[in-house]
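Here my numbering runs 873 ahead of the position in the sequence shown, where the first position is 1.
Report on the following structure.
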Amino acid sequence: MSASNDVLRQLLKEHVRVSQQEFHKVLTGGKLFPTAKKLMDRYEQVATQAIKDGSDAIRALHEIQNEMCVAALIIEDESAPRVKELQYEPRIAGCDKVFDFKCTMEDDSVRWVEVKTIHPTSKDDWEKFQA
874 MSASNDVLRQ LLKEHVRVSQ QEFHKVLTGG KLFPTAKKLM DRYEQVATQA IKDGSDAIRA
934 LHEIQNEMCV AALIIEDESA PRVKELQYEP RIAGCDKVFD FKCTMEDDSV RWVEVKTIHP
994 TSKDDWEKFQ A
């Protein structure tokens, strides 16, 4: 492994450490998000893989980190009606698929949230020139 890969791996480890600390404060700070541990555990699993595999696993890390950002935004949102319970990847009766989040609001309405991460692909300089 090259020295630059070692540096990148160390930077990624530090990023993951700080992200875990900051998200833990927001996501697990009350009864609002009872499935926060499931999301945090998933983040840890994906982050460990990204540190091990490097750039091959960064896309998955972006996706799970974006889910954590959305969860934090939902929790911190003060607009009415407020969320009274947030669930991560809840089972839906009669369906094999899951949404990322189920938000039960103070007025008992339910909102489903699916997070999508855009992964642009880069082209080399010649491909950019031809495009």
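Positions of the beta carbon are idealized from the N, C-alpha and C atoms, including for glycine.
CA nearest to the CA of residue i, picked from the options
i    : options                : result
Q938 : E949, P963, L912, S928 : L912
I924 : Q883, S877, D981, I948 : Q883
V988 : A953, E958, A933       : A933
G903 : V919, A945, Y916, D926 : A945
V919 : V889, T908, E895, P907 : V889
R910 : A930, I931, M941, D969 : Position check: residue 910 holds Lys in this sequence, whereas Arg was assumed. When each option's Cα is compared against that of K910, the closest is M941.
Q908 : I948, E979, D926       : Just to set this straight, residue 908 is Thr in the shown sequence, not Gln. When each option's Cα is compared against that of T908, the closest is I948.
Strand pairing of residue i, partner residues [DSSP]
i    : result
T977 : E958, V983
Residue i in three-state terms, based on DSSP
i    : result
M874 : Low per-residue confidence applies at M874: pLDDT is 49, beneath 50, and the placement is therefore not dependable, though the value from the model is reported in the following sentence. Note: M874 maps to coil in three-state DSSP.
V971 : coil
A920 : helix
G903 : coil
D926 : helix
D950 : coil
V988 : coil
Any non-hydrogen atom of the ligand SAM within 7 Å of residue i CB
i    : result
V986 : In the structure shown, the ligand SAM is absent, as is every other ligand, since no ligand is present at all.
Own chain, CB closer than 7 Å to residue i, minus 5 neighbours either side, in chain order
i    : result
K975 : Q960, P963, V983, W985
Beta-carbon proximity list for residue i, same chain, < 6 Å, skipping 5 on both sides
i    : result
M874 : Bear in mind that the predicted position of M874 carries a pLDDT of just 49, short of 50, making it too unreliable to give a figure here.
Q922 : A930
Neighbourhood of residue i by C-beta, 8 Å cutoff - its chain only, sequence neighbours within 5 removed
i    : result
D973 : E940, V943, Y961, E962, V986, E987, V988
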